[in-house]
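In this note's numbering, the protein residues as written are 364 to 716.
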């Protein structure tokens with residue numbers, strides 16, 4: 364209900380803005396060009412709502428809280444960011460929709476949820492794409508991903524920082540010891556609502572079910588789901604060591620969020636304000652990623668101490684072969700032809716260095 368009310372208020376605000384601004388206003392700034400005539404000031408600040416789905420006190424939350432403090436200080440109070448955790452405000456596709464509509468909003472979420480506007484991001488977040496965090500970081504700095512971000516701007520989406528990395532995602536189960544795709548056949552497998560996740564585990568033979576992250580513990584405990592997937596740090600945060608027996612280090616996805624806002628709103632900032640916003644969010648992404656590396660080490664010990672068995676060094680090739688279909692137009696009709704091959708070419712350059 365709170366999300367619906369928030370979305371309605373945002374929509375009303377946008378309508379008011381349209382009607383009050385239609386007479387005699389200057390033409391909107393070109394993409395990426397600041398329009399200083401509308402820039403926020405200490406006396407008339409811009410207040411941005413930032414939404415994410417992580418718990419308070421997690422590296423994701425702490426990193427953006429610090430970024431918000433730094434931004435307010437460096438802009439002398441001209442830009443204020445109010446942070447809502449645990450998915451209490453619109454997030455995912457709904458969050459990006461707020462940005463597209465021009466709301467004063469920052470969505471911190473998996474970039475594949477921007478697929479309705481830029482289908483390319485599905486391939487970037489696809490299964491078994493990269494082997495290390497560093498590979499993914501460098502891939503996000505490549506020309507191919509920069510082109511994705513330009514396409515996003517054409518849809519009024521400004522990517523401030525990518526990636527906020529929270530670790531590779533792995534398979535956990537209270538019943539099934541997963542060593543090959545055959546072990547997933549027909550099992551009830553909890554995934555987030557993203558179509559990339561759903562299609563990936565369908566390709567692996569599982570029966571995907573979607574539940575909120577807050578209900579995963581109960582789903583595994585009661586048998587509503589046989590297995591789940593997430594990063595080690597998030598599994599520990601949910602205290603899953605109490606209900607799972609096995610964790611298969613599949614690394615099928617790299618857990619990543621992107622910080623995105625409305626380009627229209629971004630263009631109202633001065634060039635200095637724009638640079639501060641980008642610098643602080645990119646620094647927050649680095650800090651977040653480093654903090655999660657330590658959290659993963661701590662999480663592994665928690666699971667080992669609880670007697671959870673880690674399934675390591677599995678043969679990933681059968682998993683990769685079965686999930687290649689996710690990168691095709693057969694599964695995602697709007698996926699640009701050749702995007703998977705472009706990403707592989709970028710990775711080949713990275714790995715050759």
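Every residue gets a Cβ at the ideal spot worked out from N, C-alpha and C, and that includes glycine.
Minimum C-alpha distance to residue i - residue among the options
| i | options | result |
| --- | --- | --- |
| residue 706 | 432, 616, 499, 408 | 499 |
| residue 429 | 647, 550, 409, 711 | 647 |
| residue 519 | 677, 483, 597, 623 | 623 |
| residue 487 | 714, 470, 710, 409 | 710 |
| residue 511 | 658, 426, 621 | 621 |
| residue 588 | 638, 537, 496, 566 | 537 |
| residue 471 | 607, 582, 489, 426 | 426 |
| residue 463 | 628, 649, 677 | 628 |
| residue 403 | 625, 549, 631 | 631 |
| residue 615 | 715, 466, 541 | 541 |
| residue 449 | 437, 712, 578 | 578 |
| residue 516 | 496, 465, 489 | 465 |
| residue 724 | 633, 459, 549, 478 | Nothing in the structure corresponds to residue 724, since the chain is present only between 364 and 716. |
| residue 688 | 562, 714, 645, 451 | 562 |
| residue 659 | 483, 708, 478, 496 | 496 |
| residue 479 | 696, 708, 573 | 696 |
Cβ-Cβ distance between residue i and residue j below 7 Å
| i | j | result |
| --- | --- | --- |
| residue 453 | residue 461 | yes |
| residue 674 | residue 619 | no |
| residue 481 | residue 514 | yes |
| residue 546 | residue 554 | no |
| residue 571 | residue 681 | no |
| residue 669 | residue 599 | no |
| residue 584 | residue 607 | no |
| residue 643 | residue 434 | yes |
| residue 493 | residue 677 | no |
| residue 713 | residue 501 | yes |
Rounded separation between residue i and residue j - CA only
| i | j | result |
| --- | --- | --- |
| residue 412 | residue 447 | 7 Å |
| residue 392 | residue 473 | Caution is warranted here: a pLDDT of 41 is assigned to residue 392, below 50, making its placement in the model unreliable, and the coordinate value is therefore given only provisionally. Distance between the alpha carbons of residue 392 and residue 473 is about 28 Å. |
| residue 415 | residue 640 | 17 Å |
| residue 699 | residue 559 | 15 Å |
| residue 613 | residue 420 | 27 Å |
| residue 405 | residue 635 | 14 Å |
| residue 672 | residue 665 | 12 Å |
| residue 503 | residue 569 | 30 Å |
| residue 456 | residue 557 | 9 Å |
| residue 701 | residue 509 | 16 Å |
| residue 442 | residue 409 | 5 Å |
| residue 431 | residue 439 | 12 Å |
| residue 506 | residue 690 | 19 Å |
| residue 581 | residue 418 | 17 Å |
| residue 551 | residue 693 | 24 Å |
| residue 401 | residue 468 | 17 Å |
| residue 485 | residue 523 | 19 Å |
| residue 649 | residue 424 | 13 Å |
| residue 475 | residue 704 | 18 Å |
| residue 637 | residue 609 | 46 Å |
| residue 549 | residue 683 | 19 Å |
| residue 477 | residue 458 | 10 Å |
| residue 626 | residue 667 | 46 Å |
| residue 390 | residue 645 | A caution first: residue 390 carries a pLDDT of 39, below 50, which makes its placement in the model too unreliable to give a value. |
| residue 407 | residue 451 | 27 Å |
| residue 601 | residue 573 | 17 Å |
| residue 483 | residue 586 | 36 Å |
| residue 708 | residue 715 | 11 Å |
| residue 385 | residue 489 | Unreliable positioning characterises residue 385 in this predicted model, as indicated by a pLDDT of 37, which lies under 50. The coordinate reading is nonetheless provided below. Each residue's Cα considered, the two are about 42 Å apart. |
Anticipated Cβ contact below 8 Å, residue i with residue j, distance rounded
| i | j | result |
| --- | --- | --- |
| residue 576 | residue 532 | With a Cβ gap of about 12 Å, residue 576 and residue 532 do not count as contacting. |
| residue 529 | residue 596 | 6 Å |
| residue 422 | residue 654 | 4 Å |
| residue 686 | residue 566 | 5 Å |
| residue 491 | residue 679 | 6 Å |
| residue 592 | residue 652 | About 20 Å; that fails the 8 Å criterion. |
Closer than 6 Å: residue i CB and nearest the ligand ADP heavy atom
| i | result |
| --- | --- |
| residue 407 | Here there are no bound small molecules, and the ligand ADP is not part of this structure. |
Which parts of the region 569-596 are runs of the beta strand (DSSP E), unbroken and 3 residues or longer, counting only runs that do not cross its ends?
-> 570-573, 590-594
Length at least 4, wholly inside the region 447-493: the alpha helix (DSSP H) runs in chain order = 455-463, 483-487
Jot down the residue ranges of each uninterrupted beta strand (DSSP E) in the region 646-698, minimum 3 residues, whole runs only, in chain order.
-> 672-674
What are the uninterrupted segments assigned as alpha helix (DSSP H) that are 4 or more residues long and contained completely in the region 411-438, given in chain order?
-> 422-437
At 4 residues or longer, and completely inside the region 609-641: list those alpha helix (DSSP H) runs for me, N to C.
-> 626-629
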